[in-house]
Structures are given as structure tokens and as C-alpha cells.
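K.L.:
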Ligand code: ADP
Ligand code: MG
């Protein structure tokens, strides 16, 4: 059955959003209208996913719909922003209604969960499946948590557990019958954006980002922006029961250099440790202290990360093997 672009949008992407007080006009006009509350800034983030680069053509469409919005909500979370709405641009090789139904269901279920409605987009035919989401949020003026606020002496924290998605990707590639596939596959395909925790960290965290490329690489963005160094305790890295079964060198490799975790990494003064544990509980998101911010080394261009562990040689081996890693200091 042939379906034109407008019928497709009506069938799969147009939903009533009357109950969302920030949205005045959504899908159907030339543009959408939404408002931010008085005294707030608009927070905008955009992420593109391309077939065979960010996902496989045969990935479950429901999971793909979830993930493409989840990675964008994760960016808002990392700014301590409240989601308001998003647009979706789709390039589709063909109109597969069963696929679209599943995709939009995964997408809009997550959108409902976070009260972040789809307010517009664009749809076109293209050779490969490509999709872009732009998400809009708000934060009280000046309260966004940026990457440039870390100070020497701050603790370094991460949410959840690290490395599961990368291990999941590896298992799906190499050993798809492995008994642990289902446990880590969820972390790869259905990441949970840490929006509640991000919001709770307003005024508490000094810097924050979301982990999409592994802690070892992503932490450098905070270090560079804040002009500081860090000491990380590898033995403290939060690992899931599944990753704990691996040799520690392998688990660290996933936790430090694997991508797609979508956990938050943030810094905060030592004085708020107790408060942070309460905020983590209130937002039902476990957090773990993994390091300390230190003054930037006097010499050298790259920000210094000192990796500490009782099992130092293994940390060294796993990190020197990681791309982009060129600085190492032990205790
Ligand atoms: P225009 O030609 O003015 O760009 P379109 O025909 O592209 O308008 O889109 C018509 C309406 O449908 C617009 O409100 C647009 O935001 C919305 N829309 C188009 N594609 C999508 C999509 N994939 N998801 C949500 N809304 C969409
Ligand atoms: Mg258009």
C-alpha cells in the first residue's frame, strides 16, 4: 500500500499534545510554537543517527525509536535541563508501515515517560535510513551545569554502571548465544536517560556531561573546559554484576573506553557528599564516587589523568591500548 508523506506523519507521528502547558502548536503547521517559563533559558541539543554507523539495519525498530530520543534526552540531563519537546527528521529508504509503527511506538512511549512531546520534523526519502532529533528544554537562567565548572578538590562521580553497552555490542557481534547477551543488550539498545538525576544536580554539581564515548575520553572534555586534572580510582568504577564476571582488565576496558553508556559524569565539592547520596536516592539513580579533581599539571598540553588501582599494571595495559590515551601516571 502506498502512503504519502502527510498520511505517514498523521498515522505515526501526530499525537495530541494539548495537555502539555509549554506547547502551543505542534505537528501540522509550518512550524511549532512552545514557550519557556519566565526566568528560564532554552536548552537545545541535536543528535543524528545513521544506519550502519550508529545502529544496524536489522535493529528492532522499537528499540531504535527509544534510543534516538534517549541519547538526546541524555544531553539535556547533562545540562540539568527539563525536557519540553523535540523534532524528528527522518530519511527513509521506503515506507514500511510495520517498521514505522514499531519505531514510533518506541519513540513516543519514551516521549510520554518524560513529558517531552514530538512537536514537528521533516520526512524525506533517502537511500539509507537516517534520523535526527533536536530536543528542546529549559533551565533557570544561569543554572545549567556546564563542562567548565570543575575545581581542584571536587569529587568526580558517575551514575549507574559503566561499560555494559560496549560489552553488549561486543557480545552481539561475536557470541550472540552468550548467556549474558540479554542483560547487556538492554543497556545498549534501551539506555535510560538520567533526567531526574540531572535536574536534581542543579546548584550542586560544578560540572557535568553524559558519557557516550567512555569515561577515559569523555572526562577529558571536563578537564579541558575547566583547566584541571584528575585522579581516578579504577577499583571504584561501578560495574554491573555481568561485567564483574569478566577479568578486571577486560571490564575496565569496557568501562573506561566503551561507548553508549549514557550515564552522567559530574563533579561536586567534597562538602556535598551526603546531599548527593540523598539526591541520588530521590531520583532512584545510583551514583558512585570514582575520583578527585586535581590542579592541572604545570607542563604538557593534554589534561592529566592519574589512574590509580591496587592492580595498576592491568589499568596501564588496558588504557595504553585505548585510542587517544597518551598520558599515564601511577601511584
Ligand atoms: P513543510 O513543507 O512546511 O516543511 P512538511 O510537509 O515537511 O512541512 O511537514 C508538515 C508538518 O508535519 C509540519 O508540521 C512538520 O513539522 C511535521 N512533520 C514532518 N515530518 C515529521 C516527522 N517525521 N515527525 C514529526 N512531525 C513531522
Ligand atoms: Mg518539510
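Residue numbers (my numbering): -15 to 315.
All C-beta atoms, glycine included, are put in the ideal place defined by N, C-alpha and C.
Treat the numbers as computed from the prediction; the structure is a model and nothing was measured.
Identify every residue that forms a DSSP beta bridge with residue 4.
P.N.:
Looking up residue 4 in the chain shown gives position 20. Paired residue(s): none; residue 4 is not in a bridge.
K.L.:
For a test of your reading of the model: does the CB of residue 7 fall under 7 Å from any non-hydrogen atom of the ligand ADP? Yes or no.
P.N.:
Here the question's residue 7 lines up with position 23 in the chain shown. Not so, every heavy atom of the ligand ADP lies at least 7 Å from the Cβ.
K.L.:
Under the rule that 16 or more other beta-carbon atoms within 10 Å means buried, what is residue 161, buried or exposed?
P.N.:
To locate residue 161, count along the chain shown from 1; it is residue 177. Residue 161 should be labelled exposed.
K.L.:
Which residue spans inside the region 188 to 263 form an unbroken beta strand (DSSP E) run of at least 3?
P.N.:
191 to 195, 212 to 217, 247 to 252
K.L.:
For residue 190 versus residue 134, is the C-beta distance shorter than 8 Å?
P.N.:
Counted from its first residue, the chain shown places residue 190 at position 206. Counted from its first residue, the chain shown places residue 134 at position 150. Yes, the Cβ-Cβ distance between residue 190 and residue 134 is below 8 Å.
K.L.:
With distances taken Cα to Cα, identify the nearest neighbour of residue 266 among 180, 186, 204.
P.N.:
Working through the chain shown from its first residue, we reach residue 266 at position 282. Nearest option by C-alpha distance: 180.
K.L.:
What residues match up with residue 26 in a beta bridge as DSSP calls it?
P.N.:
On the chain shown, position 42 is the one that residue 26 refers to. Its beta-bridge partners are 122.
K.L.:
From residue 141 to residue 226, what does the alpha carbon distance come to, in whole angstroms?
P.N.:
Here residue 141 is taken as the residue at index 157 of the chain shown, counted from 1. Here residue 226 is taken as the residue at index 242 of the chain shown, counted from 1. Approximately 21 Å, taken between the alpha carbons.
K.L.:
When a residue counts only if its C-beta is closer than 6 Å to some heavy atom of the ligand ADP, which residues count, in chain order?
P.N.:
Screening all residues for a C-beta within a distance smaller than 6 Å of any heavy atom in the ligand ADP leaves -7, -3, 11, 12, 13, 14, 72, 74, 102, 104, 105, 106, 107, in chain order.
K.L.:
Let me confirm a value: residue 59 is counted as buried when at least 16 other C-beta atoms fall within 10 Å, else exposed. Which label applies?
P.N.:
In the chain shown, counting from the first residue as 1, residue 59 sits at position 75. So residue 59 counts as buried.
K.L.:
What are the uninterrupted segments assigned as alpha helix (DSSP H) that are 4 or more residues long and contained completely in the region 53 to 125, given in chain order?
P.N.:
81 to 97
K.L.:
Among the residues of its own chain, which have a CB less than 8 Å from the CB of residue 3, if the five just before and after it don't count?
P.N.:
Residue numbering aside, residue 3 sits at position 19 when the chain shown is read from its first letter. The beta carbon of residue 3 lies closer than 8 Å to none in the same chain, with the five residues before and after it left out.
K.L.:
What residues in its chain sit with their C-beta under 8 Å from that of residue 129, if we drop five residues either side in the sequence?
P.N.:
Position 145 of the chain shown, counted from the first residue, corresponds to residue 129. Here the set comprises 62, 63, 64, 182, 185, 186, 189, 190, 191, 192, 250.
K.L.:
Could you have a look at residue -3 and say whether DSSP puts it in helix, strand or coil?
P.N.:
Here the question's residue -3 lines up with position 13 in the chain shown. If DSSP states are grouped into helix, strand and coil, residue -3 belongs with coil.
K.L.:
Tell me where the alpha helix (DSSP H) around residue 173 begins and ends.
P.N.:
Stepping through the chain shown from its first residue, residue 173 is reached at position 189. Its alpha helix (DSSP H) spans residues 165 to 173.
K.L.:
Count the CB pairs spanning the region 151 to 165 and the region 84 to 104 that are closer than 8 Å, and state whether there are at least three.
P.N.:
no
K.L.:
Mind checking residue 231: buried by the 16 CB within 10 Å criterion, or exposed?
P.N.:
Residue numbering aside, residue 231 sits at position 247 when the chain shown is read from its first letter. Counting Cβ neighbours within 10 Å, residue 231 comes out exposed, since fewer than 16 surround it.
K.L.:
Taking the alpha carbon of residue 320 as the reference point, which residue from 53, 112, 105 has its own alpha carbon closest?
P.N.:
The structure shown does not extend to residue 320, since the chain is modelled only from -15 through 315, so no value can be given for it.
K.L.:
With DSSP collapsed to three states, give me the class of residue 152.
P.N.:
The residue labelled residue 152 in the question sits at position 168 within the chain shown. If DSSP states are grouped into helix, strand and coil, residue 152 belongs with the helices.
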